[in-house]
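>
2 protein chains.
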Amino acid sequence: MAVGDVTMPLMHVVQGVKIGSTEAYVRYPNRRDLVIFEFAEGSNVAGVFTQSAFAAAPVLISKKHLAESTSQQQPRYLIINTGNANAATGKIGYKNAEATCAQLAELTGVQTSQILPFSTGVIGEQLPIERLLQGIQPALNDLNADRWADAASGIMTTDTTPKGASEQFELDGVSYTMTGISKGAGMIRPNMATMLSFVATDAPISRELVQSLLQTTVEHSFNRITIDGDTSTNDSCIFVATGLAGGAEIAAQDDPRYQQVLDVLARIMNRLAQLIVRDGEGATKFITVQVEGGANTQECCDVAYSVAESPLIKTALFASDPNWGRIVMAIGKAGVPNLDSSKVQVWLGDVQICLDGGANPDYTEAAGAAVMAEKEITIRIDLGRGTAKDTVYTCDFSYDYVKINADYRS
Amino acid sequence: MAVGDVTMPLMHVVQGVKIGSTEAYVRYPNRRDLVIFEFAEGSNVAGVFTQSAFAAAPVLISKKHLAESTSQQQPRYLIINTGNANAATGKIGYKNAEATCAQLAELTGVQTSQILPFSTGVIGEQLPIERLLQGIQPALNDLNADRWADAASGIMTTDTTPKGASEQFELDGVSYTMTGISKGAGMIRPNMATMLSFVATDAPISRELVQSLLQTTVEHSFNRITIDGDTSTNDSCIFVATGLAGGAEIAAQDDPRYQQVLDVLARIMNRLAQLIVRDGEGATKFITVQVEGGANTQECCDVAYSVAESPLIKTALFASDPNWGRIVMAIGKAGVPNLDSSKVQVWLGDVQICLDGGANPDYTEAAGAAVMAEKEITIRIDLGRGTAKDTVYTCDFSYDYVKINADYRS
Chain A
1 MAVGDVTMPL MHVVQGVKIG STEAYVRYPN RRDLVIFEFA EGSNVAGVFT QSAFAAAPVL
61 ISKKHLAEST SQQQPRYLII NTGNANAATG KIGYKNAEAT CAQLAELTGV QTSQILPFST
121 GVIGEQLPIE RLLQGIQPAL NDLNADRWAD AASGIMTTDT TPKGASEQFE LDGVSYTMTG
181 ISKGAGMIRP NMATMLSFVA TDAPISRELV QSLLQTTVEH SFNRITIDGD TSTNDSCIFV
241 ATGLAGGAEI AAQDDPRYQQ VLDVLARIMN RLAQLIVRDG EGATKFITVQ VEGGANTQEC
301 CDVAYSVAES PLIKTALFAS DPNWGRIVMA IGKAGVPNLD SSKVQVWLGD VQICLDGGAN
361 PDYTEAAGAA VMAEKEITIR IDLGRGTAKD TVYTCDFSYD YVKINADYRS
Chain B
411 MAVGDVTMPL MHVVQGVKIG STEAYVRYPN RRDLVIFEFA EGSNVAGVFT QSAFAAAPVL
471 ISKKHLAEST SQQQPRYLII NTGNANAATG KIGYKNAEAT CAQLAELTGV QTSQILPFST
531 GVIGEQLPIE RLLQGIQPAL NDLNADRWAD AASGIMTTDT TPKGASEQFE LDGVSYTMTG
591 ISKGAGMIRP NMATMLSFVA TDAPISRELV QSLLQTTVEH SFNRITIDGD TSTNDSCIFV
651 ATGLAGGAEI AAQDDPRYQQ VLDVLARIMN RLAQLIVRDG EGATKFITVQ VEGGANTQEC
711 CDVAYSVAES PLIKTALFAS DPNWGRIVMA IGKAGVPNLD SSKVQVWLGD VQICLDGGAN
771 PDYTEAAGAA VMAEKEITIR IDLGRGTAKD TVYTCDFSYD YVKINADYRS
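Chains as they are written, first to last, in the working numbering: chain A, 1 to 410; chain B, 411 to 820.
(1) Kindly identify the DSSP beta-bridge partner or partners of GLY430(B).
(2) Is there a Cβ from chain B that is less than 8 Å from the Cβ of LEU339(A)?
(3) Could you check which residue in ARG688(B), ALA662(B), LYS473(B) has the C-alpha nearest to that of SER646(B)?
(4) Please report the distance separating the alpha-carbon of ILE565(B) from that of ASN706(B).
(5) For ARG207(A) and ILE79(A), what's the separation of their Cα atoms in angstroms?
(6) Would ASN296(A) count as contacting chain B if we go by Cβ distances under 8 Å?
(7) On the three-state DSSP scale, how would you describe ASN733(B)?
(8) So what does DSSP say about PRO117(A), is it helix, strand or coil?
(9) Below 6 Å CB to CB, which residues in the same chain sit around LEU722(B) once its five sequence neighbours on both sides are set aside?
(10) Closest to ALA248(A) by C-alpha separation, out of PRO204(A), GLY90(A), ILE276(A), would be which residue?
(11) Flag this pair as touching only if the segment 460–467 of chain B and the segment 315–334 of chain A have three or more C-beta atom pairs under 8 Å; answer yes or no.
(12) By Cβ distance below 8 Å, which residues in the same chain neighbour GLY796(B) in space, the five residues on each side in sequence not counted?
(13) Mind checking THR364(A): buried by the 16 CB within 10 Å criterion, or exposed?
(14) In whole angstroms, give me the CA-to-CA distance for GLY246(A) and ASP172(A).
(15) Which of the residues in the segment 488–512 of chain B, read from start to end, lie with their CB under 9 Å from any CB of chain A?
(16) In three-state DSSP terms, what is ILE533(B)?
(17) Within 8 Å (strictly less), CB to CB, does VAL402(A) reach chain B?
(18) Closest Cβ-Cβ distance between ILE741(B) and chain A: below 8 Å?
(19) Against PRO204(A), what residues of chain B qualify as contacts under a CB-to-CB distance less than 8 Å, listed in chain order?
(20) Of the choices LEU214(A), GLY180(A), THR288(A), whose alpha-carbon is the least far from that of ARG147(A)?
(21) What is the DSSP secondary structure of PRO190(A), counted as helix, strand or coil?
(22) Using DSSP with H/G/I as helix, E/B as strand and the rest coil, what is THR387(A)?
(23) What does the alpha-carbon distance come out to for the pair LEU685(B) and ALA561(B)?
(24) Within 8 Å (strictly less), CB to CB, does TRP757(B) reach chain A?
(25) Just checking: is the beta-carbon of ALA777(B) within a distance shorter than 8 Å of some beta-carbon in chain A?
(26) Identify the continuous beta strand (DSSP E) that holds GLU374(A) and give its terminal residues.
(27) Counting only runs that start and end within the segment 542–616 of chain B, where is the beta strand (DSSP E) found for 3 or more residues in a row?
(28) Measure from the C-beta of SER646(B) to each C-beta in chain A and report whether the shortest distance is under 8 Å.
(29) Is TYR803(B) helix, strand or coil by DSSP?
(30) Which of the residues in the segment 304–324 of chain A, read from start to end, lie with their CB under 8 Å from any CB of chain B?
(31) I'd like to confirm the pairing. Which residues does DSSP put opposite GLY359(A) in its beta bridges?
(32) Kindly indicate the opening and closing residues of the alpha helix (DSSP H) around ALA676(B).
(33) Taking any Cβ of chain B, which residues in the segment 348–360 of chain A have a Cβ under 9 Å from it, in chain order?
(34) In whole angstroms, what is the alpha-carbon distance linking THR518(B) and TYR803(B)?
(35) Rank LYS183(A), GLY20(A), GLY121(A), VAL240(A) by C-alpha distance to the C-alpha of GLN74(A) and give the top, closest one.
(36) Whose CA, out of ARG31(A), MET329(A), GLU125(A), ASP396(A), lies closest to the CA of SER153(A)?
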C-alpha cells in the first residue's frame with residue numbers, strides 16, 4: 001500500500017530505554033493498544049506538540065508536565081494509547097488523562113509530573129478509563145529494551161506499515177545509537193493523519209540541546225509534510241537522550257559532536273516524517289515540492305504548501321497528468337507579495353515545463369508524461385527573487401483517499 | 411448533476427445591454443465559444459479580478475483598461491472566449507489579448523481601452539488568435555438584447571448547467587431590471603473552478619457607486635464560496651449600470667434607493683455565486699458554514715474556510731457521516747489566537763453536536779445522521795468570544811471529484 005521502500009530497519013536498542021505494551025481493549029480487541037516507554041534516570045527529554053486550539057487533554061498535560069520539569073526531575077515514562085484521542089472530551093477527559101499518569105506514577109514510584117501521556121484515535125469520546133488503568137501493570141511487566149519494532153506496530157491505527165528508523169554512529173570514538181518510531185496517515189476514525197513520534201538516543205546531550213535539536217529537526221521534517229492539510233488535535237513528537245552510552249555531555253553548539261548528532265537526528269526525523277507521507281491515506285505517489293529563489297523561507301514554504309495541498313494538483317499527480325497549468329495556478333494563489341510571474345521557472349523532475357512564467361517552448365508532453373509516470377516525483381519551482389529555499393513532502397489524492405475517508409464508520 | 415434547484419429563471423432584458431456570440435472554434439467545434447457584450451454609451455462599469463500573481467493576460471488588460479477609463483470614456487464592450495485561459499502565456503499571450511481588443515475597437519469605432527477581454531479554459535497554451543479575430547464580426551452581427559440565456563450557455567466550460575439570475579424591481583415608482591450570469595466549477599482543463607460573472611442593470615447608478623456596490627456584494631458572495639481552495643488565474647466579475655430605464659442617478663449612499671439596489675445586487679450575486687457551488691465538481695451536497703460569536707469577521711472567515719476546505723470534512727459530508735471530530739479539528743487548526751475551546755458550540759442543522767468544546771451529552775448519532783442525509787446542510791459554529799459572524803458556501807468531495815480531475819485529458 002505504502003509508496004516506495006518503507007521497510008523497517010534493524011531497530012537498535014538504545015541504552016536506558018525500555019518499552020512495554022499490552023492489549024488494553026481501548027477500542028478493538030486483540031491489539032497491543034497501550035504502550036509504555038521508560039527512560040533511565042538522568043535522561044533529557046524534549047517535546048513538541050500540535051498548535052491546534054483543540055489540543056487534546058493528553059497534549060495539554062504532556063506540555064504542562066514538561067514545563068514543570070526540572071533538570072533533576074524530568075519525565076521518566078511515556079504512556080500511549082491508540083483507539084481514542086481523548087480530544088474534545090472536556091473536564092472528564094482531562095481528569096482521565098491525569099488519572100492514567102497518577103496510576104503509572106504510583107506503580108513506578110515517580111512523580112505524576114514525570115509521566116507524559118499520549119492518545120490517538122477517535123475524537124469526542126471518553127476514554128474507557130477502567131480498562132486503560134488495568135492495562136498499566138501488564139504493560140510495565142512487559143518492559144524490555146528490545147521492543148522498538150513492537151512499539152512501532154503498537155501505536156499504529158490505520159497505518160498500513162509500522163514506521164521506524166535507527167542508526168548507529170560514533171562521536172570521538174564512542175559508539176552511540178539513535179532509534180525512533182512514528183505513526184500517522186490516518187486513524188480508525190476520524191482519520192486525520194494524527195501524528196506521533198518518539199525518538200531516543202543513548203548519546204549524552206544536555207537538556208537545553210535536546211530541546212533545540214528537536215525543534216530544529218522537526219521544523220524540516222514533521223513540519224514539512226502534508227497529506228490533506230488537516231492538523232490533528234494530538235500531534236506530538238518526543239526526543240530523549242539517556243546518555244547511557246557514555247562520553248562527556250554535549251552541552252554547547254560549538255562542540256564538534258553537536259553537528260554530527262544534528263545530522264543523525266535530522267536523517268532519522270526525515271525518514272520518520274517521510275514514512276508517514278509514503279503511507280498517506282490512499283497514496284500512490286511520493287511527491288517532493290522544492291521551492292528555491294525565494295526572498296525568504298516563509299514564502300518558499302507558502303508556495304510549497306500551496307502546491308502540495310492543492311486538490312487539483314494532487315488529483316493530476318494521481319492521474320500522471322503533466323497538467324502544469326495547475327502548478328502555476330497554485331504558485332499564483334500562494335500570496336507571495338509582488339511576485340513577478342515572468343521570473344518563475346518550474347520543473348517536473350528534470351524537465352522544465354514553465355520558462356519565465358510561460359510555457360517552455362522546448363517542453364514536450366511526452367517528456368512531462370514520462371516524469372509523471374514515476375512513483376516518486378519532484379516538482380521544483382524557482383521564484384527568481386532571492387536565495388531562500390525550502391522543501392515540503394506530500395502524496396497524491398486518489399479514489400482510495402475518498403474511499404478511506406468517506407466510508408461510513410463500521 | 412448540480413445540487414438543488416439550479417433552474418435558469420426568465421432572463422429579463424436590461425435596457426442598454428446587447429449580447430452576441432459565435433462559434434470561433436477556440437478549442438472545440440460547434441460551441442458558441444466567443445461572446446461579446448455591448449453596453450450603451452454612458453454606462454458605468456466596475457470590475458473585480460483574481461488576486462493571483464499569475465493573473466492571465468486578459469485580466470491584466472481588463473484591469474489596465476478599467477484603470478485608464480474616465481467617466482467620459484468607459485468600457486463599451488466585453489469580449490469573452492472559452493476553451494483557452496490565455497494564462498501563463500507570456501508576451502505573446504498579452505499581445506494576442508491586445509490584438510483582440512484592437513480588432514473589436516476598430517470594428518465598432520470605440521477606443522481599444524474601452525474593450526475588456528476575458529478568457530477561460532486551458533492554461534499555458536497560446537490562443538488560436540486568427541480564429542478568434544475572425545469570430546469578432548459574426549459575434550457583432552449577432553448582437554441582441556435578448557441573449558442572456560445564450561450567453562450563460564456560451565461561457566460554460568465543464569459547468570453542467572448554465573447559471574443565471576434576474577430580477578425586476580422598482581425604485582421611486584420607476585421599474586428596473588437586473589440580470590446576471592456566471593460560470594465556474596471546472597474547465598475542460600485544467601479544471602480549476604475558474605469563475606466569470608457579468609451582471610447588468612438599467613438603473614441609473616453613478617460610476618463610484620457601481621464600483622462600491624460591486625465590491626461590497628462580491629465580498630459576501632463570490633468571495634465566500636470555495637470548491638477546492640484553488641484560486642484561478644482568470645476570475646473576473648463585472649457589474650454595469652446603463653441607466654437607460656430612466657430616473658435620477660443614484661450618486662450617494664444616503665439616497666434611499668441605494669440600499670434597495672444593494673439588496674437586489676446582493677441577492678443576484680449570492681445566487682450566481684451559490685449556483686457555482688451547486689455545480690461544483692462532483693458535488694452531491696450544498697454546504698453552508700456559518701460562524702458566529704467571533705471577535706472579528708476575519709477569524710469567522712478563517713474558521714469557516716478551514717471547515718469548508720478540509721478534505722476530511724468534505725469526504726465525511728459526501729458519506730453523510732456525522733463525524734464531528736473532524737469539525738473541531740478544523741476549528742482548532744484555523745489559527746484563531748487564544749481560542750478557548752471550552753466556549754465553542756457546534757451545530758449540524760439544528761442538532762447541537764459539540765457543547766462547550768466537548769461532546770453534547772444529549773447528542774445522538776441518529777439525530778446527526780438525519781441531518782447529514784440531507785442534500786443541503788448547514789454547519790453552524792459559535793466561537794463564544796464576540797459578536798462578529800460570517801458565512802462560507804461549499805460542496806462535498808466525492809469520488810466524482812477525483813474522477814473529474816484525475817481523468818487524463820482526452
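Glycine is no exception: its CB is placed at the ideal position from the N, C-alpha and C atoms.
According to the structure shown:
(1) GLY430(B) pairs with ILE446(B).
(2) Output row for LEU339(A): interface = yes.
(3) It is LYS473(B).
(4) Their Cα atoms are separated by approximately 37 Å.
(5) If you take the alpha carbons of ARG207(A) and ILE79(A), they lie about 21 Å apart.
(6) With 8 Å as the cut-off, ASN296(A) does not count as an interface residue toward chain B.
(7) In this structure, DSSP gives ASN733(B) a state outside helix and strand, which the three-state scheme calls coil.
(8) The answer is strand: DSSP assigns PRO117(A) an E or B state.
(9) Cβ neighbours of LEU722(B) beyond the five flanking positions: ARG736.
(10) That would be PRO204(A), whose Cα lies nearest to the Cα of ALA248(A).
(11) The segment 460–467 of chain B vs the segment 315–334 of chain A: in contact.
(12) GLY703, GLY704, ALA705, ASN706, listed in sequence order.
(13) By the neighbour-count rule (16 or more Cβ atoms within 10 Å), THR364(A) is not buried but exposed.
(14) Roughly 11 Å between the two C-alpha positions.
(15) Within the segment 488–512 of chain B, the residues whose Cβ lies closer than 9 Å to some Cβ of chain A are ALA495, ALA497, ALA498, THR499, GLY500, LYS501, ILE502, GLY503, listed in chain order.
(16) Of the three classes helix, strand and coil, the one that applies to ILE533(B) here is coil, per DSSP.
(17) Yes, VAL402(A) lies at the interface with chain B (some Cβ there is under 8 Å from its Cβ).
(18) Yes, ILE741(B) counts as interfacial toward chain A.
(19) Going along chain B, no residue has its Cβ under 8 Å from PRO204(A), so there is no contact; the nearest lies around 37 Å.
(20) Restricting attention to LEU214(A), GLY180(A), THR288(A), the CA atom closest to the CA of ARG147(A) is found in GLY180(A).
(21) Caution is warranted here: a pLDDT of 30 is assigned to PRO190(A), below 50, making its placement in the model unreliable, and the coordinate value is therefore given only provisionally. Here PRO190(A) sits in coil by DSSP.
(22) Collapsing the DSSP output to three states places THR387(A) in coil.
(23) So the two alpha carbons sit approximately 16 Å from each other.
(24) So no, TRP757(B) is outside the interface.
(25) Not an interface residue.
(26) Unbroken run through GLU374(A): none, as it is neither H nor E.
(27) Annotation: the segment 542–616 of chain B contains the following complete segments of the beta strand (DSSP E) (minimum length 3 residues), in chain order: 573–581, 584–593, 606–611.
(28) With respect to chain A, the C-beta atom of SER646(B) has no partner C-beta closer than 8 Å.
(29) Residue state for TYR803(B) is assigned as strand, using DSSP reduced to three classes.
(30) GLU309, SER310, PRO311, LEU312, THR315, ALA316, PHE318, ALA319, SER320, ASP321, ASN323, TRP324: these are the residues of the segment 304–324 of chain A whose beta carbon lies less than 8 Å from some beta carbon of chain B, given in chain order.
(31) Residue identity differs from the one stated: residue 359(A) is Ala in this sequence, not Gly. The partner list for ALA359(A) (beta bridge, DSSP) reads CYS354(A).
(32) Run containing ALA676(B): 666–688, per the alpha helix (DSSP H) assignment.
(33) Legend: CB atoms of the segment 348–360 of chain A lying less than 9 Å from CB atoms of chain B belong to residues ILE353, CYS354, LEU355, ASP356, GLY357, GLY358, ALA359.
(34) Near 41 Å, if we compare the C-alpha coordinates of TYR803(B) and THR518(B).
(35) Comparing Cα positions, the closest option is VAL240(A).
(36) The residue from ARG31(A), MET329(A), GLU125(A), ASP396(A) with its alpha-carbon nearest to that of SER153(A) is ARG31(A).
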